[in-house]
Every structure is written in C-alpha cells, then in structure tokens.
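This report concerns only the one structure given below.
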Amino acid sequence: MAKWGSFDFGQMDQMAKRFKKALDERVIDRWIREFLLEMAYRADRKIKKRTPVGDTGELRRNWQVGKVEKQGGAYVVEIFNNTEYASYVEHGHRTGKDLTGWVEGRFMMTISMQEMERELPRYIEKKQMELLNQLMNGRKG
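The opening residue of the sequence shown carries number 0 in numbering that gives the first Met the number 0; numbering runs sequentially from there.
This is the structure:
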C-alpha cells in the first residue's frame with residue numbers, strides 16, 4: 000500500500016482567513032483604487048509631455064485627474080482638460096477664413112493612452128504580485 004504522506008492544513012486555513020479579512024476590510028477595493036490612480040497619474044504625465052505649450056501654457060497646465068469612482072461593477076477615473084480648445088488640438092481642426100485649411104491634431108491623449116494600454120499588463124502583474132505577497136505574509140489588512 001502506498002503512503003501518501005501528511006499535509007498540515009493549518010497554513011492553508013490561515014491564508015484563507017487573511018484573504019477573507021482582506022476582502023472584509025476592503026483591502027482589495029483600496030488596492031484597485033490606488034492602482035488606478037497611479038496609472039492615471041502616469042498617463043497624465045505622458046499626456047502633459049506631449050501637449051504643446053503654446054503662448055500661455057494653459058492647455059498643458061489644465062490636465063487633471065479625477066477621483067476613482069465605482070460605477071456598477073467597474074471602476075472609473077477620468078483624465079480631462081477643461082480648456083475650451085483642447086479637443087481641437089487633440090483631434091485637429093479647420094482653419095482659415097473659409098475653413099478650407101486643416102491643422103493636424105497632436106493626439107497627445109490618444110497616443111498616451113495607447114502607450115498605457117501596452118504597458119498596463121506589466122504594471123498590473125507587478126502590483127498583483129506585491130499584493131499577493133503581502134496577503135500571504137499577513138502584512139496587508
């Protein structure tokens with residue numbers, strides 16, 4: 000007859016309790032919010048670097064990161080610019096007296112967000128491993 004050995008489920012039980020505690024104390028919710036804010040500020044820096052300064056620097060200066068909000072089952076954070084002409088600089092616009100000319104867009108938001116989408120898996124993997132390590136070692140929550 001084969002001998003299978005023994006296994007102490009005590010450590011598994013402790014880990015399960017730490018995970019439950021983390022969920023109960025909203026550690027995961029807080030982690031998601033912190034992660035999204037960090038990513039939004041990374042994107043904000045990229046966008047600002049690509050934004051033309053112009054005469055006053057107003058367009059570059061007016062980029063803002065909103066609060067992380069939970070909407071249904073999703074978390075949302077806005078990066079926005081309330082400068083009246085921001086969308087024209089982003090997407091391009093007609094110009095001239097007869098509006099037949101065209102000024103190309105700078106796509107500072109579009110390009111920056113595409114970059115963030117490519118980089119996101121690396122960031123999230125690193126942050127998930129940090130969280131998992133903290134939960135398994137009982138340091139978070």
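For every residue, glycine included, the Cβ atom is placed at its ideal position computed from N, Cα and C.
Exercise for review: Please name the residue, chosen from Leu-134, Met-135 and Lys-125, that lies closest to Met-38 on a Cα-to-Cα basis.
Suggested key: Working through the sequence shown from its first residue, we reach residue 38 at position 39. That would be Lys-125, whose Cα lies nearest to the Cα of Met-38.
Review point. First and last residue of the beta strand (DSSP E) that includes Glu-103?
Key: Taking the first residue of the sequence shown as position 1, residue 103 is located at position 104. Taken as a continuous stretch (DSSP letters only), the beta strand (DSSP E) holding Glu-103 covers 100-103.
Practice item. Give the straight-line distance between the Cα atoms of Leu-22 and Tyr-74, rounded to the nearest whole angstrom. Key: For the purposes of this step, residue 22 is taken as the residue at position 23 of the sequence shown. For the purposes of this step, residue 74 is taken as the residue at position 75 of the sequence shown. Going from the Cα of Leu-22 to the Cα of Tyr-74 covers about 17 Å.
Check your understanding: Alpha carbon to alpha carbon, how far is Met-108 from Met-135?
Key -> In the sequence shown, counting from the first residue as 1, residue 108 sits at position 109. In the sequence shown, counting from the first residue as 1, residue 135 sits at position 136. Answer to the nearest angstrom: the Cα atoms are 38 Å apart.
Review point. Are Asn-80 and Leu-58 closer than 8 Å when you measure CB to CB?
Key: Translated into the one-based positions of the sequence shown, residue 80 becomes position 81. Translated into the one-based positions of the sequence shown, residue 58 becomes position 59. Contact: yes.
Check your understanding: When we look at the beta-carbon of Lys-45 and count the other beta-carbons within 10 Å, is it buried (16 or more) or exposed?
Key -> The residue labelled residue 45 in the question sits at position 46 within the sequence shown. Label assigned to Lys-45: buried.
Check your understanding: Apart from the five residues just before and just after Ile-78, which ones in its own chain have a Cβ nearer than 8 Å to its Cβ?
Key -> The count along the sequence shown starts at 1 and reaches residue 78 at position 79. Excluding positions up to five away in sequence, the list reads Ala-39, Ala-42, Asp-43, Ile-46, Trp-62, Gln-63, Val-64, Gly-65 and Met-108.
Exercise for review: Would you mind reading off the limits of the alpha helix (DSSP H) that contains Phe-34?
Suggested key: For the purposes of this step, residue 34 is taken as the residue at position 35 of the sequence shown. Its alpha helix (DSSP H) spans residues 26-49.
Practice item. Can you give me the Cβ contacts of Leu-36 inside the same chain, cut-off strictly under 8 Å, excluding the 5 residues immediately before and after it? Key: Here residue 36 corresponds to residue number 37 of the sequence shown, with the count starting at 1. Cβ within range, chain order: Val-64, Val-67 and Val-76.
Review point. What residues match up with Gln-70 in a beta bridge as DSSP calls it?
Key: Against the sequence shown, residue 70 aligns to sequence position 71. Paired residues: Ala-73.
Check your understanding: Between Pro-120 and Ser-111, what straight-line distance do the alpha-carbon atoms span, to the nearest angstrom?
Key -> Counting from 1 along the sequence shown, the entry for residue 120 is found at position 121. Counting from 1 along the sequence shown, the entry for residue 111 is found at position 112. Computed Cα separation, rounded: 15 Å.
Exercise for review: Grab the span of the beta strand (DSSP E) containing Asn-136 for me, first residue to last.
Suggested key: The residue given as residue 136 occupies position 137 in the sequence shown. Segment: none, Asn-136 is in no beta strand (DSSP E) and carries neither H nor E.
Practice item. List the endpoints of the continuous beta strand (DSSP E) containing Val-64. Key: Here residue 64 is taken as the residue at index 65 of the sequence shown, counted from 1. Residues 62-64.
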